[in-house]
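Novice: Respectively, the protein sequence lines represent chains A and B.
Heads up: the first sequence at position 399 corresponds to 399 in the working numbering, and the numbers run straight through without jumps.
Heads up: the second sequence at position 358 corresponds to 358 in the working numbering, and the numbers run straight through without jumps.
For every residue, glycine included, the Cβ atom is placed at its ideal position computed from N, Cα and C.
All values reported here derive from a predicted model rather than from experimental measurement.
The structure under discussion is supplied below as structure tokens; questions concerning it will follow.
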Amino acid sequence: MEAMDERDSVKWLHRRAGFGLPPAQMRASIERGFAAELDGLLSSVAVADAVAADPWDDESLPYDPMDAPSRRYAIASWIALMVNSEQPLVDRLTWLWHGHFVSALDKVRVARLMVDQIRLFRNAGLGELSALLRAVTIDAAMLAYLDLRTSTGATPNENYAREFLELFTLGEGNYTEADVQAGALALTGWTFGRGGGGVAFRAGRHDDTARTYLGVDGVHDLDTVIDAVMAQPALPLFIAATISQELLGDRDPDLVAELARGFEASGFVVGDLVRAALTAGADRAPSPVVLGPLPWLVVAARVSAAAIAPRESQLLLQAAGQLPMLPPNVAGWPGGATWFNSGSLVARTNLAAVVAANATDEDVLAAADGGDHDALADVLGLPDGGFEDQSRAALRAAPAGRDRLAVALVSPEFMIA
Amino acid sequence: MRPTFDRRQFIGLSVGGVATVAVAASGCSTATGAPTATTPMTVPTTLLPATPPTTPPTTPSVPNALSGLQFGGRRLVVVQLNGGNDLLNTLPPASGRYHDLRPTLALADDEVVPLSGVDDAGLHPSLAPLVGAWDSGQLALIRGIGFEVPNRSHFVSMDRWWRADESSKPGWLGRVVDGLGEEPSPLFGTALGSGAPLLNGAMRQPTVIGSPGSFRWVDIDPEWISAFGDGSGDLAGLARHAFLRTVQAVDDFAEITDSESTSDELAGREGQASIADGLATAAQLLASDAGVQLVVVSASGFDTHANQLPVHANLLSDVANGLVSFMAAMETAGLADDVLLVVTSEFGRRVAENGSGGCDHGAGGFSLALGAGVQGGMYGEVDLDDLLDDDVRPTVAPQALFTNCLDWLGVDAAATLGERDDSVKLLH
Numbered sequence: 001m002e003a004m005d006e007r008d009s010v011k012w013l014h015r016r017a018g019f020g021l022p023p024a025q026m027r028a029s030i031e032r033g034f035a036a037e038l039d040g041l042l043s044s045v046a047v048a049d050a051v052a053a054d055p056w057d058d059e060s061l062p063y064d065p066m067d068a069p070s071r072r073y074a075i076a077s078w079i080a081l082m083v084n085s086e087q088p089l090v091d092r093l094t095w096l097w098h099g100h101f102v103s104a105l106d107k108v109r110v111a112r113l114m115v116d117q118i119r120l121f122r123n124a125g126l127g128e129l130s131a132l133l134r135a136v137t138i139d140a141a142m143l144a145y146l147d148l149r150t151s152t153g154a155t156p157n158e159n160y161a162r163e164f165l166e167l168f169t170l171g172e173g174n175y176t177e178a179d180v181q182a183g184a185l186a187l188t189g190w191t192f193g194r195g196g197g198g199v200a201f202r203a204g205r206h207d208d209t210a211r212t213y214l215g216v217d218g219v220h221d222l223d224t225v226i227d228a229v230m231a232q233p234a235l236p237l238f239i240a241a242t243i244s245q246e247l248l249g250d251r252d253p254d255l256v257a258e259l260a261r262g263f264e265a266s267g268f269v270v271g272d273l274v275r276a277a278l279t280a281g282a283d284r285a286p287s288p289v290v291l292g293p294l295p296w297l298v299v300a301a302r303v304s305a306a307a308i309a310p311r312e313s314q315l316l317l318q319a320a321g322q323l324p325m326l327p328p329n330v331a332g333w334p335g336g337a338t339w340f341n342s343g344s345l346v347a348r349t350n351l352a353a354v355v356a357a358n359a360t361d362e363d364v365l366a367a368a369d370g371g372d373h374d375a376l377a378d379v380l381g382l383p384d385g386g387f388e389d390q391s392r393a394a395l396r397a398a399p400a401g402r403d404r405l406a407v408a409l410v411s412p413e414f415m416i417a
Numbered sequence: 001m002r003p004t005f006d007r008r009q010f011i012g013l014s015v016g017g018v019a020t021v022a023v024a025a026s027g028c029s030t031a032t033g034a035p036t037a038t039t040p041m042t043v044p045t046t047l048l049p050a051t052p053p054t055t056p057p058t059t060p061s062v063p064n065a066l067s068g069l070q071f072g073g074r075r076l077v078v079v080q081l082n083g084g085n086d087l088l089n090t091l092p093p094a095s096g097r098y099h100d101l102r103p104t105l106a107l108a109d110d111e112v113v114p115l116s117g118v119d120d121a122g123l124h125p126s127l128a129p130l131v132g133a134w135d136s137g138q139l140a141l142i143r144g145i146g147f148e149v150p151n152r153s154h155f156v157s158m159d160r161w162w163r164a165d166e167s168s169k170p171g172w173l174g175r176v177v178d179g180l181g182e183e184p185s186p187l188f189g190t191a192l193g194s195g196a197p198l199l200n201g202a203m204r205q206p207t208v209i210g211s212p213g214s215f216r217w218v219d220i221d222p223e224w225i226s227a228f229g230d231g232s233g234d235l236a237g238l239a240r241h242a243f244l245r246t247v248q249a250v251d252d253f254a255e256i257t258d259s260e261s262t263s264d265e266l267a268g269r270e271g272q273a274s275i276a277d278g279l280a281t282a283a284q285l286l287a288s289d290a291g292v293q294l295v296v297v298s299a300s301g302f303d304t305h306a307n308q309l310p311v312h313a314n315l316l317s318d319v320a321n322g323l324v325s326f327m328a329a330m331e332t333a334g335l336a337d338d339v340l341l342v343v344t345s346e347f348g349r350r351v352a353e354n355g356s357g358g359c360d361h362g363a364g365g366f367s368l369a370l371g372a373g374v375q376g377g378m379y380g381e382v383d384l385d386d387l388l389d390d391d392v393r394p395t396v397a398p399q400a401l402f403t404n405c406l407d408w409l410g411v412d413a414a415a416t417l418g419e420r421d422d423s424v425k426l427l428h
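Here it is, written out as structure tokens:
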């Protein structure tokens, strides 16, 4: 595999760092070129616009753990936001953080709290890592999901303190059991009341004893915990590997080390790390990334301009194993070839039929009606070269039109970015 | 990996019920130094499988050409309780320390279901439906199972269970599937629920069915999908091969379950398939002629950091009811002698409760083995005066459970696991 040409690198950028584009928009993007597109995706205006484009109506999100409709509403609105996003990199990174700093609706219960966590990722997901870590730690959904809410100095709960080090910041092997215990005590005191709003620090619940944490003396509260973790050499490597794996499909140690150095030099600004990763990725031979059912659906619906009934998409995403706000556990979705399990493939294929049935983009529908499979690949945003021969056979097996479009959407070429 | 034992060597050993420990051909030693099983009373013969085999066994030791079955027709079901099931409230110990360390969580002595022949522990009241299996000598309870040097991370611990503590190798059952001479039928290894990496091989992957109602094509002609062809190696090749097997799996599954009962209600994981639902589907699969022999049923929710009492009671009730119905279905299908079921979880929980009405991640945990081939009894030990970092000290390694499972299948456990662990002998 060789590095991509300009045209393919723009397509690659939108499939990896965004959620694809409909054909007309993609043609305009290719005209502008990779560098301009990357700048546009990362501009501070885009970030500010993203925050402004909040789709949720808080009136529909009562602080009520028994309210099931608000859960469906919260998920549906988020999917629609991603499909219609005008700041796709912001929303792509929000999705990435959702799979990294995991909370899940089945334990959090109150949909409003999950929505507020997604808002946090949209607001702060490209900013300074220390601010993001601090905000995530005392985010209400996180306090509920990993039990800091009920952790007190007298009876500390280690759940958050452990996952914070293992899954969120450093990785296994870079901390000790004593660090987990010291961290749990230092983070006591943060809680919220029955209503869910109003996260507050209650000094009476906090153990303020200074302890050694990650080799740093005097750690006793949230700020000193964040400072200590930010000082760990493992931190930039861990975060750079996360971003590189997600966006580039690549954990090459040399690349990760280089990205980590740049990340540290930038003052740990996530947006700078993302820019560096995408720039490096465009200069390398692309590594394949299996799109999970959710990002795949968003790309498919955006590219073909398909509006899907929320109920239908949620049922099928659940069957495919990737309903947003409901990751399977605190490690998030496993990803990779595990998405080729039979149950997920069946649901994804059924979902492809739904997308195809609702597609409205005229370029896409015309290409699906015709017999030129290269044209179909192009309008779907695939790199030049299009479909392999075997996939062409499948496209021929399906009747021209929406059935053929459905087959194209589950082709290995389209499922693997 | 060829099966090294055949069914012949086991048949007959189960007759009579009480443990005459037999040593199978590969030379595994009888467990003597290990924690001894407390054999529950003498087993009344009326509770033994209805018809002890009186005719010579007919199942050959190699895959049956007629049925295509591996393992001499034996099946294995693994039930995974994801999140770290709490050992101490599952099998409450008769120990003052238990009540001291769990002032609000300990079950009162009069709630605990007594087990005949055991005086230092009983059953959680939700597990009362299992007393019949205990009294008939078909239930082995294992307490304190876990790795000698434990890890309190879910993911590290699950991974160690899945890979039998060999982090560079695929799942321990996946290795068995990889070792079969030819690729088995698509439903041969099926995971019901949230997936089952223990079934993931290096070359062969299980069929994962999250919910039975959604495992069918809608507005899709499977012939289009078959036309993607086959492949191997890179991700695209894996996708093609996976599609090909999926087409057959859906076909087989539809024939078996004949399911019009699509669960249309979106309920998030609040309505996730229960263990009992998963085991009901497992029973249908095993009783079919689709060559289903390894089934993993998993459900989450056992990570009871908070509000444990009601949550755990419901979860265990689901488990107990699921197990009893499953064994009854196997009896009806004439498979009671052919199925071994084991329950696993990645670790037990901290001995002392936390301040949230729950308990944190611990070490020594709970497993059970159930089936006509099982030598019932209590295995492993819990000593609350000899804790390991405030946790139940592991006394039985998971590899010992796996060794028994592989023996059951007639698979070379030493080759599969690196070495056998004969510290407990759960089978007749």
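Relative to chain B, which residues along the stretch 373-391 of chain A have a C-beta separation below 8 angstroms, given in chain order?
Specialist: The stretch 373-391 of chain A vs chain B, Cβ under 8 angstroms: Glu388, Gln390, Ser391.
Novice: Return the chain-ordered list of same chain residues with a C-beta closer than 7 angstroms to the C-beta of Phe34(A), the five sequence neighbours on each side being excluded.
Specialist: So the list reads Glu6, Ser9, Val10, Leu13, Ala282, once near-sequence residues are dropped.
Novice: If you draw a straight line from the alpha carbon of His373(A) to that of Phe414(A), how long is it in whole angstroms?
Specialist: So the two alpha carbons sit approximately 13 angstroms from each other.
Novice: Does any residue of chain A have a CB that is nearer than 8 angstroms to the CB of His99(B)?
Specialist: Not an interface residue.
Novice: What residues in the stretch 48-73 of chain A bring their beta carbon closer than 9 angstroms to a beta carbon of chain B?
Specialist: Answer set for the stretch 48-73 of chain A: Ala68, Arg71, Arg72.
Novice: So, at 7 angstroms on beta carbons, what are the nonlocal neighbours of Ala184(A) in its own chain, with the 5 sequence-adjacent residues on each side left out?
Specialist: Cβ within range, chain order: Ser151, Pro156, Asn157, Glu158, Ala161.
Novice: Counting only beta-carbon atoms, is Phe243(B) nearer than 8 angstroms to chain A?
Specialist: Answer yes: the Cβ-Cβ gap between Phe243(B) and chain A drops below 8 angstroms somewhere.
Novice: Check distances from the C-beta atoms of the stretch 139-172 of chain A to those of chain B and list, in chain order, the residues that come in under 9 angstroms.
Specialist: Residues Leu146, Asp147, Arg149, Thr150, Ser151, Thr152, Ala154, Thr155, Pro156, Asn157, Glu158, Asn159, Arg162, Glu163, Glu166, Leu167, Glu172.
Novice: From Arg143(B), Asp110(B), Asn85(B), Pro125(B), pick the residue whose C-alpha is nearest to that of Val396(B); which is it?
Specialist: Among Arg143(B), Asp110(B), Asn85(B), Pro125(B), the Cα nearest to that of Val396(B) is on Arg143(B).
Novice: Taking C-alpha atoms, which residue in Val270(A), Glu31(A), Phe238(A) lies nearest to Leu42(A)?
Specialist: Ranking the options by Cα distance to Leu42(A), first place goes to Val270(A).
Novice: Give me the residue from Val351(B), Leu401(B), Asp219(B) with the minimum Cα distance to Val407(A).
Specialist: Closest by alpha carbon: Asp219(B).
Novice: If you reduce the DSSP assignment to three classes, tell me which class Arg112(A) lands in.
Specialist: If DSSP states are grouped into helix, strand and coil, Arg112(A) belongs with the helices.
Novice: Please go through the same chain and pick out, in chain order, the residues whose beta-carbon is closer than 7 angstroms to the beta-carbon of Ser103(A), but skip the five residues on each side of it.
Specialist: If we look at Ser103(A) and ignore the five residues flanking it on each side, its Cβ neighbours are Met114, Gln117, Ala141, Met142, Tyr145.
Novice: Counting only beta-carbon atoms, is Thr94(A) nearer than 8 angstroms to chain B?
Specialist: No, because no Cβ of chain B sits closer than 8 angstroms to the Cβ of Thr94(A).
Novice: Who are the near neighbours of Gly371(B) in its chain, counting only those whose CB is closer than 7 angstroms to its CB and skipping five residues on each side?
Specialist: These residues qualify, in order along the chain: Gln138, Val339, Leu340, Leu341.
Novice: How about Gly125(A) and Gly381(A): are their beta carbons less than 8 angstroms apart?
Specialist: No, the pair does not count as a contact, with Cβ atoms beyond the cut-off.
Novice: So, Leu237(A) versus Ala260(A), is the Cβ gap smaller than 8 angstroms?
Specialist: Closer than 8 angstroms, so yes.
Novice: In chain B, which residues lie with their C-beta within 8 angstroms of the C-beta of Ile416(A)?
Specialist: Within chain B, the residues near Ile416(A) are Leu235, Ala236, Ala239.
Novice: In the structure shown, what three-state DSSP assignment does Met4(A) receive?
Specialist: DSSP places Met4(A) in coil when its eight states are reduced to three.
Novice: Under 8 angstroms, Cβ to Cβ, is there at least one residue of chain B near Ser342(A)?
Specialist: Answer yes: the Cβ-Cβ gap between Ser342(A) and chain B drops below 8 angstroms somewhere.
Novice: Please check the pair Ser367(B) and Thr403(B), which I expect to be a contact at CB under 8 angstroms, by giving their CB distance rounded to whole angstroms.
Specialist: Actually they do not touch by this definition, with Cβ atoms about 13 angstroms apart.
Novice: Can you find a CB in chain A that lies within less than 8 angstroms of the CB of His124(B)?
Specialist: Cβ-Cβ to chain A under 8 angstroms: no for His124(B).
Novice: Measuring only between beta-carbons, confirm whether Glu223(B) sits less than 8 angstroms from chain A.
Specialist: Taking Cβ atoms only, chain A reaches closer than 8 angstroms to Glu223(B), which makes this a yes.
Novice: State yes or no: is the beta carbon of Val108(A) nearer than 8 angstroms to at least one beta carbon in chain B?
Specialist: No, no contact with chain B.
Novice: Determine the DSSP secondary structure at Ala94(B), reduced to helix, strand or coil.
Specialist: Coil, per DSSP.
Novice: Are the CB atoms of Gln80(B) and Val296(B) nearer to each other than 8 angstroms?
Specialist: Yes, Cβ-Cβ distance for Gln80(B) and Val296(B) is below 8 angstroms.
Novice: Anyone know if the C-beta pair for Ala319(A) and Ser167(B) falls short of 8 angstroms?
Specialist: No.
Novice: What is the C-beta distance between Phe164(A) and Thr188(A), in whole angstroms, given that I count them as a contact (C-beta under 8 angstroms)?
Specialist: Not quite, the Cβ-Cβ distance comes to about 14 angstroms (not below 8 angstroms), so this is no contact.
Novice: Could you name the residues of the stretch 121-141 of chain A whose beta carbon sits closer than 8 angstroms to any beta carbon of chain B, in the order they occur along the chain?
Specialist: Within the stretch 121-141 of chain A, no residue qualifies.
Novice: Can you list, in chain order, the residues of its chain with a C-beta nearer than 8 angstroms to that of Ala320(B)? Leave out the 5 residues immediately preceding and following it.
Specialist: Same-chain partners within the cutoff: Ser126, Leu127, Ala128, Pro129, Leu130.
Novice: If we cut at 8 angstroms on Cβ distances, does Phe215(B) have a partner in chain D?
Specialist: This model lacks chain D altogether, as its protein chains are A and B.
Novice: Which class does His361(B) belong to by DSSP, given the choice of helix, strand or coil?
Specialist: In this structure, His361(B) counts as strand in the three-state DSSP scheme.
Novice: Looking at the C-beta of Ile209(B), does it have a partner C-beta in chain A at a distance below 8 angstroms?
Specialist: Interface residue, yes.
Novice: Check the Cβ-Cβ distances between Ala368(A) and every residue of chain B, and say whether any is below 8 angstroms.
Specialist: Not an interface residue.
Novice: According to DSSP, is Ala106(B) helix, strand or coil?
Specialist: If DSSP states are grouped into helix, strand and coil, Ala106(B) belongs with coil.
Novice: Assign Glu246(A) to buried or exposed, taking buried as 16 or more other Cβ atoms, counted over all protein chains shown, within 10 Å of its Cβ.
Specialist: So Glu246(A) counts as buried.
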